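For the sequence shown, the UniProt record's numbering gives the first residue as 1, with consecutive numbering after it.
Each residue gets a CB set at the ideal place from its N, CA and C atoms; glycine is no exception.
Just so it is clear, the structure is predicted and the values come from calculations on it, not from any experiment.
Down below is the structure, laid out as structure tokens.
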Amino acid sequence: LRSRSQDRATVLDLAAELYKFGFEGISSVLFETRLGCLQEEIPEDTLRFIAAVNKMLTLSDMVMLFPRWSRSILPFWGHFVQAWDDLYDVAQNLIDRRMCEIEAQVLSGEPMEGTYLAYLLSSDKLSRAEVYISVTELILGGVDTTSNTLSWALYHLARDCRVQDRLYRELDSVCPSKQQPTTEHLSRMPYLKAVVKETLRLYPVVPGNG
């Protein structure tokens, strides 16, 4: 990230990078596949989704505050609806693509245990349209909450070297040599858990909890 900036030291748009990270993370949970959001060349759907998230969140206050009759006069409502259409369209494309992969795996006799999307699609309780909507909301919620929590956590860690150093020592002792952490590793990181919980206490992901 630093290498892309002119001074080769500054991350130009950290919020956008965290949105990409959140999108990659929640997509790996929902679809059990990597989308390439953290690569040099970002997929067009990812950029489109991030732009739609920003637009939707920016306009949400106006949608709640302005009276309903103003929607036919002021342009904010059309932009808000278009943002949701973009979110839904990206999610639908991802689901359809993953569906083709799942069908190919089933035909080849590969097991499908633990696949969240396959569970939703195989359930008789949800129609395909309801799956599209459910996954869209899950992606949106996962991207927004993850990126915002990380933003505030990194902000406070940057302001407090003592906390930052203690957290680094814990991470390095549990996962030396940049080892990829597992669930078992995370259970041995109480200070990391405390940092995340304190961040969420100060900046709840749901405004009504504040």
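message = For a quick check, are the C-beta atoms of TYR19 and VAL205 less than 9 Å apart?
response = no
request  = Rounded to whole angstroms, what's the CA-CA distance from THR199 to THR149? Just pull it up for me.
outcome  = 7 Å
inquiry  = Can you confirm whether the segment 44 to 61 touches the segment 82 to 92 when touching is taken to mean that 3 or more C-beta pairs between the two stretches lie within less than 8 Å?
reply    = yes
query = So, is GLY22 buried or exposed, given that buried needs 16 or more other C-beta atoms within 10 angstroms?
reply = buried
query = Between which two residues does the alpha helix (DSSP H) carrying PHE31 extend?
reply = 14 to 31
ask   = Measuring CA to CA, which of LEU167, ALA16 and TYR116 is closest to VAL195?
value = LEU167
request  = Starting from the Cα of TYR155, find the closest Cα among LYS193, LEU138, TYR203 and GLU137 and give me that residue.
outcome  = TYR203
query = Which of the three DSSP states, helix, strand or coil, is assigned to GLU40?
reply = coil
message = Report the CB separation of VAL90 from ARG34 in whole angstroms; it is logged as a contact under 8 Å.
response = The Cβ separation is near 16 Å, so there is no contact.
request  = Classify CYS100 as buried or exposed, calling it buried when 16 or more other Cβ atoms lie within 10 Å of its own Cβ.
outcome  = exposed
key: LEU140 beta carbon less than 9 Å from that of VAL131   = no
inquiry  = Cutting at 8 Å between CB atoms, please list the residues of its own chain near LEU192, excluding the five before and the five after it.
reply    = LEU167, GLU170, LEU171 and LEU186
query = If we count the other Cβ atoms within 10 Å of its Cβ and call it buried at 16 or more, is THR58 buried or exposed?
reply = exposed
task = Can you give me the Cβ contacts of GLU44 inside the same chain, cut-off strictly under 7 Å, excluding the 5 residues immediately before and after it?
result = none
request  = Determine the DSSP secondary structure at MET189, reduced to helix, strand or coil.
outcome  = coil
request  = Return the first residue and the last residue of the alpha helix (DSSP H) that GLY142 is part of.
outcome  = 128 to 159
task = Note down the Cα distance separating GLU184 from SER173, rounded to an integer number of angstroms.
result = 14 Å
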